[in-house]
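One structure is given below, encoded as C-alpha coordinates.
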Amino acid sequence: MFSSATPYKNQHYSELKKDCIKSKKLFEDPEFPCVDASLYFRKPPPGMVQWKRPGVSAISPLGKF
(Lines of atoms letter the chains of each structure in order from A and count residues from 1; the text may use other names and numbers.)
(Lines give C-alpha, C1' and ligand atoms only; values in the text may rest on other atoms or scores of the structure.)
Protein backbone atom coordinates (compact mmCIF):
# COMPACT_ATOMS: atom_id res chain seq x y z
CA MET A 1 0.00 0.00 0.00
CA PHE A 2 2.59 2.59 1.11
CA SER A 3 5.72 0.81 -0.01
CA SER A 4 7.77 4.01 0.00
CA ALA A 5 7.02 4.75 3.66
CA THR A 6 9.82 4.08 6.12
CA PRO A 7 8.66 2.04 9.13
CA TYR A 8 9.12 3.86 12.43
CA LYS A 9 11.38 1.81 14.70
CA ASN A 10 10.85 -1.20 12.44
CA GLN A 11 7.08 -1.21 12.99
CA HIS A 12 5.47 -2.65 9.86
CA TYR A 13 1.72 -2.05 9.64
CA SER A 14 0.86 -5.30 7.88
CA GLU A 15 2.79 -7.38 10.42
CA LEU A 16 1.31 -5.49 13.37
CA LYS A 17 -2.21 -5.91 11.98
CA LYS A 18 -1.69 -9.63 11.32
CA ASP A 19 -0.37 -10.15 14.86
CA CYS A 20 -3.31 -8.27 16.41
CA ILE A 21 -5.83 -10.30 14.42
CA LYS A 22 -4.09 -13.55 15.29
CA SER A 23 -3.88 -12.75 19.02
CA LYS A 24 -7.34 -11.10 19.05
CA LYS A 25 -5.89 -8.11 20.88
CA LEU A 26 -5.97 -4.40 20.11
CA PHE A 27 -2.68 -2.77 19.18
CA GLU A 28 -0.85 -0.89 21.93
CA ASP A 29 2.14 1.05 20.68
CA PRO A 30 5.15 0.51 22.95
CA GLU A 31 6.70 3.67 21.46
CA PHE A 32 3.68 5.80 22.45
CA PRO A 33 2.08 4.27 25.56
CA CYS A 34 -1.24 5.66 26.75
CA VAL A 35 0.13 7.35 29.84
CA ASP A 36 -0.07 11.06 30.60
CA ALA A 37 3.73 11.44 30.34
CA SER A 38 3.43 10.66 26.58
CA LEU A 39 1.65 13.99 26.11
CA TYR A 40 4.10 16.42 27.64
CA PHE A 41 7.80 17.09 27.99
CA ARG A 42 8.20 18.74 31.38
CA LYS A 43 4.93 19.98 32.80
CA PRO A 44 1.63 18.10 32.55
CA PRO A 45 -1.24 19.90 30.85
CA PRO A 46 -4.02 21.29 33.02
CA GLY A 47 -7.03 19.08 33.57
CA MET A 48 -7.51 15.35 33.27
CA VAL A 49 -6.63 13.26 30.23
CA GLN A 50 -8.87 10.35 29.31
CA TRP A 51 -7.33 8.01 26.76
CA LYS A 52 -9.70 6.64 24.10
CA ARG A 53 -9.33 4.68 20.92
CA PRO A 54 -10.34 6.21 17.57
CA GLY A 55 -14.08 6.00 17.06
CA VAL A 56 -14.85 5.84 20.77
CA SER A 57 -16.46 8.92 22.22
CA ALA A 58 -18.85 9.99 24.90
CA ILE A 59 -22.56 10.01 24.20
CA SER A 60 -23.77 13.44 23.10
CA PRO A 61 -26.54 15.24 24.98
CA LEU A 62 -28.95 13.98 22.31
CA GLY A 63 -28.01 10.37 23.01
CA LYS A 64 -26.27 9.91 19.67
CA PHE A 65 -22.63 9.26 18.87
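Under full-length UniProt numbering, the residue at position 64 of the sequence shown is numbered 64, and the numbers go up by one with no gaps. All C-beta atoms in this analysis are idealised placements derived from N, C-alpha and C, irrespective of residue type, glycine included.
Between the segment 7 to 26 and the segment 40 to 47 there are fewer than three inter-stretch CB-CB distances shorter than 8 Å, so the stretches are not counted as touching. In terms of CA proximity to residue 7, 31 leads the group 31, 21, 20. Distances from the CA of residue 53 to each of 34, 47, 45, 46 were compared; the closest alpha carbon is that of 34. Taking 7 Å as the cut-off, the beta carbon of residue 49 is found no closer than this to the beta carbon of residue 29.
The beta carbon of residue 9 sits closer than 6 Å to those of 31, all from its chain and outside the five residues before and after it, given in chain order.
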